[in-house]
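> Quick one: structure below, then a few questions.
Protein chains in written order, with my numbering: chain D, 16 to 308; chain R, 7 to 162.
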């Protein structure tokens, strides 16, 4: 903290996206959370978009490079790493996806896993560096971790949701899919009683269906957001620096130690969340491929 | 923290990334992995086959060695037998030759003895005739008695 701002301001500053919009033919970015809210739906979080685009392009660039030079002979360093990741994803898909072959599932899982991993990994950059750099470039706010923005996580989970619906209808037919929604879990041989169950079933199964993308997105968002929050709180300790007193030195030391500890622990979280998102996607798609009754 | 159009942009980006990954990243890598897997499997199978063949060859080599040894010992036995035969033959020949030489020598000795006897007899006859001639010179006519003396000499 270079300027004299209070702790709540520091936190707020770190939690706000670079939200920009074209308003009355003029491009401008929000300077506060209220302003960002006022922009309504047609605004873009440029930091989320930029970082996630860079991460996605990085991922595809290196994997494409390895794929282009892939040989069945002795693999080089990059190919080794890429093959290791691909094989890991392929094993997960084989383990969770039991409904025959689907050319989409494995590449989808790989993209989800590695893209989310890279985006989460931005969390391990020192928390103030990128926002300060961007501040020097004239950008008031900058959130480095795209997955702490629900737009990014919901963006992915909604795509997954549409895939689930698409494959449900493709495999079971529209009737089969609707039947699954309307005729379970409560069933009765008597058609009248069954008809009475339909609304209840629709509500239950509807919630069940919608909860899939919501839980996917919120789990990732929540974990990363909380992790980011703790980094911010740890960063506040040394931020109270006002001369080399014993208390300040102790605070600074604890900030270094706690950051280190939390960052090391976060390496696990970062990978784990990417893995969970990938595995659940595979499982949801597998369920979409299976006939339940 | 607001939901805004970023959501749509992220979804589109995600779909494009997945499409790219599915088209240009996954298939070549998987292809390489599968090909290598097959190569390794083939290599292992070939190694296994080679090992098996080596075992067979070793077995065959042992058999050949055995057969060769047997043949060699057979040949040696035959050669020994033949050598013994040749020695026996040579011994027999030598003995026969020796006997022949001895027989020849004996015959010659016999002849020599006979010749000596003959000449001795002749000399005895001549001596007898000379003695008798001296004794009987005066009283006996050599011509009259020569016939009788020759007959006596033949009886000796």
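We treat Cβ as the ideally placed atom computed from N, Cα and C, and that holds for glycine.
(1) Since residue 124 of chain D and residue 297 of chain D are thought to touch, with beta carbons under 8 Å apart, how far apart are those beta carbons, to the nearest angstrom?
(2) In angstroms with no decimal places, state the Cα-to-Cα distance between residue 185 of chain D and residue 15 of chain R.
(3) Excluding the 5 residues flanking residue 168 of chain D on each side, which residues of the same chain have their C-beta closer than 7 Å to its C-beta?
(4) Quick check on DSSP: helix, strand or coil for residue 116 of chain D?
(5) Taking Cβ to Cβ, would you say residue 68 of chain D is nearer than 8 Å to residue 80 of chain D?
(6) Run through chain R and tell me which residues come within less than 7 Å of residue 126 of chain D, C-beta to C-beta.
(7) Rounding to the nearest angstrom, what Cα-Cα distance links residue 114 of chain D and residue 120 of chain D in this structure?
(8) If you draw a straight line from the C-alpha of residue 74 of chain R to the C-alpha of residue 89 of chain R, how long is it?
(9) Whose C-alpha, out of D/59, D/51, D/41, D/37, is nearest the C-alpha of residue 13 of chain R?
(10) What three-state label does DSSP hand residue 8 of chain R in the structure shown?
(11) For the putative contact between residue 286 of chain D and residue 78 of chain D, defined by C-beta atoms under 8 Å, what is the C-beta separation to the nearest angstrom?
(12) How is residue 103 of chain D classed by DSSP in three states: helix, strand or coil?
(13) Quick one, which of R/158, R/9, R/34, R/162 has its alpha-carbon nearest residue 101 of chain D's?
(14) Examine the ligand NAD and report whether any of its heavy atoms sits within less than 7 Å of the Cβ of residue 150 of chain D.
(15) Is the number of C-beta pairs between the stretch 205-212 of chain D and the stretch 142-152 of chain D that are closer than 8 Å three or more?
(16) What residue range does the alpha helix (DSSP H) around residue 121 of chain R cover?
(17) Give the secondary structure of residue 32 of chain D by DSSP, where H, G and I count as helix, E and B as strand, and everything else as coil.
(18) Please report the straight-line C-alpha distance between residue 246 of chain D and residue 135 of chain D, rounded to a whole angstrom.
(19) State the CB to CB distance for the pair residue 8 of chain R and residue 34 of chain D, rounded to an integer number of angstroms; the pair is presumed to be in contact (CB under 8 Å).
(20) Would you decide whether residue 23 of chain D is buried or exposed? Buried here means 16 or more other CB atoms lie within 10 Å of its CB.
(21) Determine the DSSP secondary structure at residue 189 of chain D, reduced to helix, strand or coil.
(22) Does the structure place the stretch 197-207 of chain D close enough to the stretch 38-55 of chain R that three or more beta carbon pairs sit under 8 Å?
(23) Check this for me: beta carbons of residue 243 of chain D and residue 164 of chain D, under 8 Å apart or not?
(24) State the Cα-Cα distance for the pair residue 178 of chain D and residue 61 of chain R, rounded to the nearest angstrom.
(25) Going by the beta-carbon positions, is the gap between residue 4 of chain D and residue 159 of chain D smaller than 8 Å?
(26) According to DSSP, what are the bridge partners of residue 59 of chain D?
(27) Run through DSSP, which three-state label would residue 304 of chain D get?
(28) Would you identify the three-state DSSP class for residue 42 of chain D, choosing helix, strand or coil?
(29) For residue 15 of chain R, which residues in chain D fall below 7 Å Cβ to Cβ?
(30) Can you give me the C-alpha to C-alpha distance between residue 54 of chain D and residue 36 of chain D, rounded to a whole angstrom?
(31) Say whether chain D places a C-beta atom closer than 8 Å to the C-beta of residue 38 of chain R.
(32) Distance check for residue 23 of chain R and residue 47 of chain R, CA to CA, integer angstroms please.
(33) Check residue 167 of chain D in the structure and name its three-state DSSP category.
(34) Quick one, which of R/115, R/120, R/159, R/122 has its alpha-carbon nearest residue 133 of chain R's?
(35) Looking only at its chain, what residues have a beta carbon closer than 7 Å to the beta carbon of residue 105 of chain D, apart from the 5 residues adjacent to it on each side?
According to the data block:
(1) The Cβ separation is near 6 Å, so the contact holds.
(2) Spanning the two alpha carbons is a distance of roughly 26 Å.
(3) Excluding sequence neighbours, residue 168 of chain D sits near 162, 232, 235, 236.
(4) Three-state result, residue 116 of chain D: coil.
(5) For the pair residue 68 of chain D and residue 80 of chain D, the CB atoms are not nearer than the 8 Å cut-off.
(6) Within chain R, the residues near residue 126 of chain D are 23, 24, 27.
(7) Near 11 Å, if we compare the C-alpha coordinates of residue 120 of chain D and residue 114 of chain D.
(8) When rounded, the distance between both Cα atoms is 22 Å.
(9) Among D/59, D/51, D/41, D/37, the Cα nearest to that of residue 13 of chain R is on D/59.
(10) It is coil, neither helix nor strand.
(11) The pair is not a contact, with the Cβ atoms about 17 Å apart (cut-off 8 Å).
(12) In the structure shown, residue 103 of chain D sits in a helix (DSSP, three-state: H, G or I).
(13) For the residues R/158, R/9, R/34, R/162, the minimum Cα distance to residue 101 of chain D belongs to R/34.
(14) Judged by which ligands are present, the structure shown has none, so any question about the ligand NAD falls away.
(15) Touching, no.
(16) Unbroken alpha helix (DSSP H) run through residue 121 of chain R: 32-142.
(17) Reduced to three states, the DSSP call for residue 32 of chain D is coil.
(18) Spanning the two alpha carbons is a distance of roughly 13 Å.
(19) About 7 Å; that satisfies the 8 Å criterion.
(20) With fewer than 16 Cβ atoms within 10 Å of its Cβ, residue 23 of chain D is classed as exposed.
(21) Correct three-state label for residue 189 of chain D: helix.
(22) Contact between the stretch 38-55 of chain R and the stretch 197-207 of chain D is absent: fewer than 3 CB-CB pairs across the two stretches fall below 8 Å.
(23) Result no, Cβ atoms of residue 243 of chain D and residue 164 of chain D do not sit closer than 8 Å.
(24) Each residue's alpha carbon lies about 57 Å from the other.
(25) There is simply no residue 4 of chain D to check, as chain D begins at 16 and stops at 308 in what is shown.
(26) D/35.
(27) Of the three classes helix, strand and coil, the one that applies to residue 304 of chain D here is helix, per DSSP.
(28) In the structure shown, the three-state DSSP call for residue 42 of chain D is strand.
(29) Counting only Cβ-Cβ distances below 7 Å, residue 15 of chain R has contacts in chain D at 59, 64, in chain order.
(30) Rounded to whole angstroms, residue 54 of chain D to residue 36 of chain D spans 7 Å at the Cα level.
(31) Closer than 8 Å to some Cβ of chain D, the Cβ of residue 38 of chain R qualifies, so yes.
(32) Near 34 Å, if we compare the C-alpha coordinates of residue 23 of chain R and residue 47 of chain R.
(33) Shown here, residue 167 of chain D sits in a helix according to DSSP, grouped into three states.
(34) Taking residue 133 of chain R as reference, the option from R/115, R/120, R/159, R/122 with the minimal CA-CA separation is R/159.
(35) Around residue 105 of chain D: 121.
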